[in-house]
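In my numbering, the protein residues as written are 170 to 662. Note that beta-carbon positions come from the ideal geometry of N, C-alpha and C, so glycine has one too.
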Ligand code: NDP
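Next up, the structure:
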């Protein structure tokens, strides 16, 4: 950490300021124009259509990217089918594992380059893409490479068979990590892939495609079709896709579920959330403050499992909120390429507008807003870390997923009330509990309707641990041994 000391000639307290600590972009080469990655090569789109991807921190264009139309998606699925039938399906599991291990090692070797690209295209702080996203991406590929030749032991008593061609649609909040969550288990289980990255963050998926080419992955095993929602819809609806995996909004998830009803396609959905983060009076409050900050301001709050609803036991509510406000005021908001930045850019103008609308609804419905007095960059999409007190259950900011750096705070008096309030949402993805009593953690975890319950921590991920939701947060699990099941046919023994 670089700290500049500003000397003072008086007896006033010394002022300390962080010096700029910019990550270099020299490690990254961005093409002016990208084609679609189909059958092991980059091709111009038959649609002849392109779009521009911008850096959300500067609003500068980064590259022009192909927009796949129907004929392009047909080509990608046909390439994936042929690779499945002729190469990847018949290949022995230890051989498949070698490719996935090689990809994992190359991700590690290129992690700096991929982290910089992720931050440029998506706006997340470089310290997060460098220290969280990329290590987890490599971790997932290593983890699933290890399973590729041991599937029979993963699920004793069943004969594991791949499903065929997997159509995967991923969002913009963790572009590389969502790719890893989907591509690694699909390949390890013997499937081939057609991947549709989000419109605002296509660059790391394209860099990954190039990396797999250098790794010698046979043509057609991985295909990347960039585009907008329409392209995603074409992938999902394609007749020759056997399995659909989607991460994104609950609204689009419902649409896909309707689209696939009556077909034989297997489906997993990882959708939105409104995670409850509960603080009991016996919790280590200073540690809990750090957990809450990490729970909602990590990745600008663009996290499906973010702890966006804080429930604090009434006896410590005011003390805890004071501590939180003080901590909020120390967060550094700004240039995501600066290694000191805690809160980077909002991913797009549309998302910034969505966050601003919901925050306005919080004010107009009577909640009390607090924002630190930090200066925001002149250009780019930025939003101050925000918290609301005096929030009631019926407020939109307590019910709807904001997907931004905004925390809604409520209080409770008894554990029963805490459970009732925490579960009072259509979502069920994550929850967190802070208390020094182990028995209370178990009691709460039993009753919270959430796919993940963290105890005295938050937002912790590991390739070996499954992740997924209940209710409107979706179904199916990604990560861990469970993540393989979604890509295997295990209907007969
Ligand atoms: P979407 O659900 O629209 O996007 C997720 C992915 O699905 C993107 O690749 C998108 O393409 C694609 N897509 C969009 N429409 C369709 C369709 N009809 N069929 C198939 N694929 C489709 O999320 P948004 O980007 O619009 O974000 C809106 C809200 O969703 C956020 O505010 C947040 O609340 C929530 N969200 C939740 C996420 C999570 O991890 N659970 C992740 C992202 C968003 P394209 O990007 O080109 O539109």
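Residue i versus residue j - alpha carbon distance
i: residue 657; j: residue 365; result: 21 Å
i: residue 651; j: residue 462; result: 30 Å
i: residue 566; j: residue 522; result: 15 Å
i: residue 537; j: residue 510; result: 27 Å
i: residue 660; j: residue 328; result: 9 Å
i: residue 451; j: residue 604; result: 6 Å
i: residue 492; j: residue 455; result: 8 Å
i: residue 170; j: residue 192; result: Confidence is the limiting factor: at residue 170 the pLDDT is only 45, short of 50, which leaves the residue's position unreliable, though a coordinate-based value still follows. Straight-line Cα distance between these residues: approximately 13 Å.
i: residue 628; j: residue 622; result: 10 Å
i: residue 602; j: residue 618; result: 13 Å
i: residue 485; j: residue 409; result: 57 Å
i: residue 655; j: residue 245; result: 21 Å
i: residue 380; j: residue 533; result: 49 Å
i: residue 600; j: residue 295; result: 26 Å
i: residue 550; j: residue 344; result: 18 Å
i: residue 173; j: residue 324; result: Legend: pLDDT at residue 173 = 47, less than 50; position of this residue unreliable, no value from coordinates given.
i: residue 516; j: residue 471; result: 8 Å
i: residue 198; j: residue 187; result: 29 Å
i: residue 430; j: residue 436; result: 10 Å
i: residue 300; j: residue 513; result: 15 Å
i: residue 544; j: residue 418; result: 31 Å
i: residue 321; j: residue 561; result: 51 Å
i: residue 416; j: residue 439; result: 5 Å
i: residue 386; j: residue 542; result: 51 Å
i: residue 189; j: residue 507; result: 7 Å
i: residue 242; j: residue 400; result: 8 Å
i: residue 350; j: residue 309; result: 7 Å
i: residue 217; j: residue 236; result: 8 Å
i: residue 315; j: residue 633; result: 11 Å
i: residue 340; j: residue 442; result: 14 Å
i: residue 575; j: residue 332; result: 40 Å
i: residue 175; j: residue 185; result: At residue 175 the pLDDT is 48, less than 50, meaning the model places this residue with poor confidence; the figure from the coordinates comes in the next sentence. Near 6 Å, if we compare the C-alpha coordinates of residue 185 and residue 175.
Near the ligand NDP: residue i beta-carbon under 7 Å from a heavy atom
i: residue 427; result: no
i: residue 418; result: yes
i: residue 421; result: yes
i: residue 392; result: no
i: residue 306; result: no
i: residue 439; result: yes
i: residue 397; result: yes
i: residue 470; result: no
i: residue 568; result: no
i: residue 424; result: yes
i: residue 341; result: yes
i: residue 616; result: no
i: residue 520; result: yes
i: residue 572; result: yes
i: residue 338; result: yes
i: residue 401; result: yes
i: residue 352; result: no
i: residue 405; result: yes
Strand pairing of residue i, partner residues [DSSP]
i: residue 364; result: 337 and 393
i: residue 647; result: 636
i: residue 657; result: 331
i: residue 380; result: Paired residue(s): none; residue 380 is not in a bridge.
i: residue 480; result: 447 and 579
i: residue 210; result: 207
Closer than 7 Å: residue i CB and nearest the ligand GDP heavy atom
i: residue 368; result: The ligand GDP is not part of the structure shown, which contains the ligand NDP as its ligands.
Unbroken alpha helix (DSSP H) run spanning residue i, endpoints
i: residue 414; result: It is not in any alpha helix (DSSP H) - residue 414 instead sits in the beta strand (DSSP E) that spans 412-416.
i: residue 306; result: 303-316
i: residue 484; result: 483-497
i: residue 663; result: In the structure as shown, the chain starts at 170 and stops at 662, and residue 663 therefore has no counterpart that could be examined.
i: residue 322; result: 320-323
i: residue 609; result: 607-616
i: residue 589; result: 584-592
Range of the contiguous beta strand (DSSP E) that encloses residue i
i: residue 602; result: 599-603
i: residue 207; result: 205-207
i: residue 353; result: Per DSSP, residue 353 belongs to no beta strand (DSSP E); it is in the alpha helix (DSSP H), 344-357.
i: residue 621; result: 621-624
Requested in this report: Counting only runs of 4+ residues fully inside the region 505-551, write out the alpha helix (DSSP H) ranges in chain order.
Outcome: 518-533
Query - Whole runs of the beta strand (DSSP E) within the region 219-288, excluding any shorter than 3 residues - result: 219-223 and 230-235
Report task. Just list the alpha helix (DSSP H) runs in the region 395-474, keeping only unbroken ones of 4 residues or longer that don't cross its boundaries, in chain order. Result -> 398-406, 419-429 and 454-466
Query - Inside the region 548-572 only - beta strand (DSSP E) runs reaching at least 3 residues - result: 555-558
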